[in-house]
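Peer 1: So the protein sequences, as listed, match chains A and B. For the first sequence, my numbering begins at 176 and goes up steadily by one. For the second sequence, my numbering begins at 176 and goes up steadily by one. Backbone N, C-alpha and C define an ideal beta-carbon position, used for all residues, glycine too.
There are 2 protein chains.
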Amino acid sequence: MLDERKATILRAVVTEYIETAQPVGSGHVASSAEVNVSSATVRNDMAALEAEGYLAQPHTSAGRIPTEKGYRFFVDQLGGPGKLGVNESQQVRTFFSRTHGEMEQMLSDTSRLLSSLTHYAAVVVGPQHEVATIKSVQLVGLSPRLVLAVLVLSSGAIEKHSIELSADADDLIVNAAAVRLSTLIVGQTLASASSIDSHSLDLGESADVAIILRAALAVLGGEHRHDDQVFIGGTSDMVASFDAVRTVSEILRILEQQLVVVSLLEDVLDRGLSVAIGRETGNEALADCSIVVAPYVVDGETAGSIGVLGPTRMHYDQALSAVAVVANRLGRTLSEG
Amino acid sequence: MLDERKATILRAVVTEYIETAQPVGSGHVASSAEVNVSSATVRNDMAALEAEGYLAQPHTSAGRIPTEKGYRFFVDQLGGPGKLGVNESQQVRTFFSRTHGEMEQMLSDTSRLLSSLTHYAAVVVGPQHEVATIKSVQLVGLSPRLVLAVLVLSSGAIEKHSIELSADADDLIVNAAAVRLSTLIVGQTLASASSIDSHSLDLGESADVAIILRAALAVLGGEHRHDDQVFIGGTSDMVASFDAVRTVSEILRILEQQLVVVSLLEDVLDRGLSVAIGRETGNEALADCSIVVAPYVVDGETAGSIGVLGPTRMHYDQALSAVAVVANRLGRTLSEG
DNA sequence: CGCTGGCACTCTCGGGCTTCGACTGCTTAT
DNA sequence: ATAAGCAGTCGAAGCCCGAGAGTGCCAGCG
Numbered sequence: 176m177l178d179e180r181k182a183t184i185l186r187a188v189v190t191e192y193i194e195t196a197q198p199v200g201s202g203h204v205a206s207s208a209e210v211n212v213s214s215a216t217v218r219n220d221m222a223a224l225e226a227e228g229y230l231a232q233p234h235t236s237a238g239r240i241p242t243e244k245g246y247r248f249f250v251d252q253l254g255g256p257g258k259l260g261v262n263e264s265q266q267v268r269t270f271f272s273r274t275h276g277e278m279e280q281m282l283s284d285t286s287r288l289l290s291s292l293t294h295y296a297a298v299v300v301g302p303q304h305e306v307a308t309i310k311s312v313q314l315v316g317l318s319p320r321l322v323l324a325v326l327v328l329s330s331g332a333i334e335k336h337s338i339e340l341s342a343d344a345d346d347l348i349v350n351a352a353a354v355r356l357s358t359l360i361v362g363q364t365l366a367s368a369s370s371i372d373s374h375s376l377d378l379g380e381s382a383d384v385a386i387i388l389r390a391a392l393a394v395l396g397g398e399h400r401h402d403d404q405v406f407i408g409g410t411s412d413m414v415a416s417f418d419a420v421r422t423v424s425e426i427l428r429i430l431e432q433q434l435v436v437v438s439l440l441e442d443v444l445d446r447g448l449s450v451a452i453g454r455e456t457g458n459e460a461l462a463d464c465s466i467v468v469a470p471y472v473v474d475g476e477t478a479g480s481i482g483v484l485g486p487t488r489m490h491y492d493q494a495l496s497a498v499a500v501v502a503n504r505l506g507r508t509l510s511e512g
Numbered sequence: 176m177l178d179e180r181k182a183t184i185l186r187a188v189v190t191e192y193i194e195t196a197q198p199v200g201s202g203h204v205a206s207s208a209e210v211n212v213s214s215a216t217v218r219n220d221m222a223a224l225e226a227e228g229y230l231a232q233p234h235t236s237a238g239r240i241p242t243e244k245g246y247r248f249f250v251d252q253l254g255g256p257g258k259l260g261v262n263e264s265q266q267v268r269t270f271f272s273r274t275h276g277e278m279e280q281m282l283s284d285t286s287r288l289l290s291s292l293t294h295y296a297a298v299v300v301g302p303q304h305e306v307a308t309i310k311s312v313q314l315v316g317l318s319p320r321l322v323l324a325v326l327v328l329s330s331g332a333i334e335k336h337s338i339e340l341s342a343d344a345d346d347l348i349v350n351a352a353a354v355r356l357s358t359l360i361v362g363q364t365l366a367s368a369s370s371i372d373s374h375s376l377d378l379g380e381s382a383d384v385a386i387i388l389r390a391a392l393a394v395l396g397g398e399h400r401h402d403d404q405v406f407i408g409g410t411s412d413m414v415a416s417f418d419a420v421r422t423v424s425e426i427l428r429i430l431e432q433q434l435v436v437v438s439l440l441e442d443v444l445d446r447g448l449s450v451a452i453g454r455e456t457g458n459e460a461l462a463d464c465s466i467v468v469a470p471y472v473v474d475g476e477t478a479g480s481i482g483v484l485g486p487t488r489m490h491y492d493q494a495l496s497a498v499a500v501v502a503n504r505l506g507r508t509l510s511e512g
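(1) According to the neighbour-count rule (16 or more other Cβ atoms, all chains shown, within 10 Å of its Cβ), is glutamine 493 (chain B) buried or exposed?
(2) Using a threshold of 8 Å, state whether the C-beta atoms of leucine 259 (chain A) and valine 500 (chain A) are closer than that.
(3) Between B:Asn262, B:Thr190, B:Arg180, which lies nearest to alanine 223 (chain B) when the distance is taken from Cα to Cα?
(4) Where does methionine 176 (chain B) land, buried or exposed, given buried means 16+ other C-beta within 10 angstroms?
(5) Along chain B, which residues have their Cβ under 8 Å away from the Cβ of phenylalanine 417 (chain A)?
(6) Which partner residues does phenylalanine 406 (chain B) have in the DSSP bridge list?
(7) Determine the chain A residues that contact leucine 177 (chain B) at a beta-carbon separation under 8 Å, and present them in chain order.
(8) Would you kindly report the start and end of the unbroken alpha helix (DSSP H) that includes lysine 181 (chain B)?
(9) Output the distance between the C-alpha atoms of alanine 353 (chain B) and threonine 422 (chain B), rounded to the nearest integer angstrom.
(10) Starting from valine 325 (chain A), follow the alpha helix (DSSP H) in both directions and report where the run begins and ends.
(11) Counting only runs of 3+ residues fully inside the region 192-279 of chain B, write out the beta strand (DSSP E) ranges in chain order.
(12) Could you compute how far the alpha carbon of valine 394 (chain B) sits from the alpha carbon of tyrosine 246 (chain B)?
(13) Would a C-beta distance cut-off of 8 Å place leucine 427 (chain A) and valine 483 (chain B) closer than the cut-off?
(14) Are the C-beta of glutamine 313 (chain A) and some C-beta of chain B separated by less than 8 Å?
(15) Quick check on this structure: which residue in A:Asn503, A:Gly479, A:Thr410 has the alpha carbon closest to the alpha carbon of cysteine 464 (chain A)?
(16) By DSSP, does alanine 494 (chain B) sit in helix, in strand, or in coil?
(17) If we cut at 8 Å on Cβ distances, does isoleucine 360 (chain B) have a partner in chain A?
(18) Counting only the same chain and skipping the five closest in sequence on each side, list residues whose C-beta sits under 8 Å from that of glycine 453 (chain B).
(19) Can you list the residues of chain B that isoleucine 333 (chain A) reaches, using a CB-CB cut of under 7 Å?
(20) Relative to the C-alpha of glycine 316 (chain A), which residue among A:Glu339, A:Ala196, A:Asp403, A:Glu277 is closest?
(21) Select from B:His490, B:Ile309, B:Leu365, B:Leu288 the residue whose C-alpha is nearest the C-alpha of valine 299 (chain B).
(22) Given a cut-off of 8 Å on the beta-carbon distance, is the pair isoleucine 309 (chain A) and valine 361 (chain A) in contact?
(23) When you compare the CB positions of alanine 368 (chain A) and alanine 332 (chain A), do they come within less than 8 Å of one another, or not?
(24) Leaving out five residues before and five after valine 325 (chain A) in sequence, what residues of the same chain have Cβ atoms less than 6 Å from its Cβ?
(25) Could you tell me the alpha carbon to alpha carbon distance between glutamate 279 (chain B) and aspartate 251 (chain A), rounded to whole angstroms?
(26) Where serine 357 (chain A) and alanine 366 (chain A) are concerned, what is the direct C-alpha to C-alpha distance, given to the nearest angstrom?
(27) Report all residues from its chain with a CB closer than 6 Å to the CB of leucine 282 (chain A); omit the five preceding and five following residues, and keep chain order.
(28) Work out the CA separation of phenylalanine 270 (chain B) and leucine 434 (chain A) for me, nearest whole Å.
(29) List, in chain order, every chain B residue whose beta-carbon is nearer than 9 Å to that of glycine 408 (chain A).
(30) What residue does the beta strand (DSSP E) around leucine 484 (chain A) start on, and which one ends it?
(31) Mind checking if glutamate 523 (chain B) is an interface residue toward chain A, Cβ cutoff 8 Å exclusive?
(32) Go to valine 443 (chain B), then tell me how far its beta strand (DSSP E) extends in each direction, as first and last residue.
(33) I need the boundaries of the beta strand (DSSP E) containing serine 381 (chain B), first residue and last residue.
(34) Please state whether DSSP places valine 347 (chain B) in a helix, a strand or coil.
(35) Might you give, ordered along the chain, the residues of its own chain that have their beta carbon closer than 7 Å to the beta carbon of aspartate 343 (chain A), omitting 5 neighbours on each side?
(36) If you reduce the DSSP assignment to three classes, tell me which class leucine 392 (chain B) lands in.
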């Protein structure tokens, strides 16, 4: 629906605007390399593009800036993720060759890597615990009425929950409960463990042990997926792309709410997109922002997602390739462990 | 060295400037309640205060704004931390009555509380692990050559380290090592555990077990205090106090470096201060910021510190009282556990 | 001697005005 | 269809000017 020339012109406007943040006039476009028509012709086409909603004019005698629809077209016909620069891909390679063990540290470092690649804010959402199996469970009495349950998952993640008891429990009882709990849930996933009906196991237990077991299982089931691990880096870089402190403050307020950030990314992925532009993010406060997302795959299963958040006038090609490459490498690195 | 009236005038300038962010003229000061002299007299005194370095003039025909020295005097003679408003202290009370267990969650929530009280960025540095004793240690084999060591500390904190082995180890060996490790370090502090000489325990162990033990002890000693837990909240609030995006970006860059933040707070405390103003923070990028800090005490020992970061024109009295009250309550709450 | 009122001076801020330049849209010629 | 030219629009920048806020200083008063 957009003929060849109009597409070229639109592309030129978008790239120029991304670079300069200034409205782009017909003269600039006409003098650009890919366009071989006069500025008058460009003007006609730009008027058409504006009528179709791809461009907008801040005021009469100014150039044009892309609308969300304009960015969307640009991104879509951009096609594949493109290639990373040599320095960048070198940076990715050395990063992943050096990294090892310690999942949290690694995810946190990954967010730093991604933000340093793109100069936007990077978000890394850790793997869902639901798919990992429980490797070990331990109960540690911290004080007579406070017991800490520590789960080690096959992914290497650790989940801890404190359990408050209504009556004192000595070490013997706690240990007995721990042993019993181990036989019950080790090897299962968190999801299946939390669905164990605590009433089906009353028999054959001493009352004290049963109390602890029931409390432990309740805690497991209780705060489902309450701690997705989210790592956000590079906010200072991203902030520099905006010019109103007000805007910045609103964006930071979003980023402070980890739950919102997670669902933001997942909403985008659920809609089958890898880029959400402006209001497409579904959040009014991010009207001037775009999000680039990719899931990463561990052992054949989609485990989590990573993404960057930047201004709508973002370097989409770079961001897309950086996100794609990092997601890929991250998934592979996590699969080895 | 500052007579009564000059002090009053200085105080009036500072409070007014904190409120309005506008240079304060002699007329305003003269009409303020505490000052009963004419504006001419105020003018004379303000000139003197400027000569002594307490005030500065942006330009000739403008009012005066406080210098760092001016703020310093203001803060010092402010005396005690002052009182919190009723709403605020109510907020603190309900927060700490509701909170329980789960240290990390609690520290993170505390930083949110503190930022919501002050509208500045709040920093909460978790307790040092060095003083806590080891309650339990567990080794979990994730894969043949990867073992995860999980320590539970008496504070309820968890420390995990992954250990990479050069040879495969089966569960039996891992378990044997875990048992031996438990007898070695449970009950000790992290510091003393990490100072165990791994060569003194070769005797009587199977070679495989010894390898794991040595690796585990090495890991313990290795990354000393590498994970102070730092929780930062309310950056979006703080940002709103500034008007240049550039400044904001630099401040955020500081806050992204957790190590820097921790040492920032500790430097201030080490100098015996509870407030650092502008360059007193020791960081050029924070020239327009001030920090208010307080340590918190758990079981009679200084365990960690909390603080807020805001603009130099911060509401010092409110910040001081908020930080003091929260530090106090936090210490008490953590002591119970 | 300290305080005050008065006065002249300085400098920023905002409005109004003009100029400049970057665009556009349209019309006409090829 | 494309190009060229031309008139028109509108913001940005520069300028002037007056208003206002504030200062410093001086002379007089208690």
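Peer 2: The short version:
(1) buried
(2) yes
(3) B:Arg180
(4) exposed
(5) Val420
(6) B:Val299
(7) Correct list: empty, because the minimum Cβ distance to chain A is about 36 Å.
(8) 179-195
(9) 51 Å
(10) First-last for valine 325 (chain A): 321-328, but that is the beta strand (DSSP E), not the alpha helix (DSSP H).
(11) Secondary structure remark: continuous beta strand (DSSP E) runs of at least 3 residues inside the region 192-279 of chain B: none found.
(12) 47 Å
(13) Taking 8 Å as the Cβ cut-off, leucine 427 (chain A) and valine 483 (chain B) do not qualify as a contacting pair.
(14) By this cut-off, glutamine 313 (chain A) is an interface position.
(15) Cα-wise, what sits closest to cysteine 464 (chain A) is A:Thr410.
(16) helix
(17) no
(18) Glu243, Tyr246, Leu461, Ala462, Asp463, Cys464, Ser465, Thr487
(19) Val325, Ile333, Lys335
(20) The residue with the shortest Cα to Cα distance from glycine 316 (chain A) is A:Glu339.
(21) B:Leu288
(22) yes
(23) no
(24) Gln313, Lys335
(25) 43 Å
(26) 15 Å
(27) Val299, Gly301, Phe406
(28) 21 Å
(29) Glu431
(30) Here the beta strand (DSSP E) through leucine 484 (chain A) covers 476-486.
(31) No answer is possible for residue 523 (chain B): the residues shown for chain B start at 176 and end at 512.
(32) Taken as a continuous stretch (DSSP letters only), valine 443 (chain B) belongs to no beta strand (DSSP E), being part of the alpha helix (DSSP H) at 433-445.
(33) No beta strand (DSSP E) holds serine 381 (chain B); DSSP gives it neither H nor E.
(34) In the sequence on display, residue 347 (chain B) carries leucine and not valine. Residue state, collapsed to three classes: helix.
(35) Pro319, Arg320
(36) Of the three classes helix, strand and coil, the one that applies to leucine 392 (chain B) here is helix, per DSSP.
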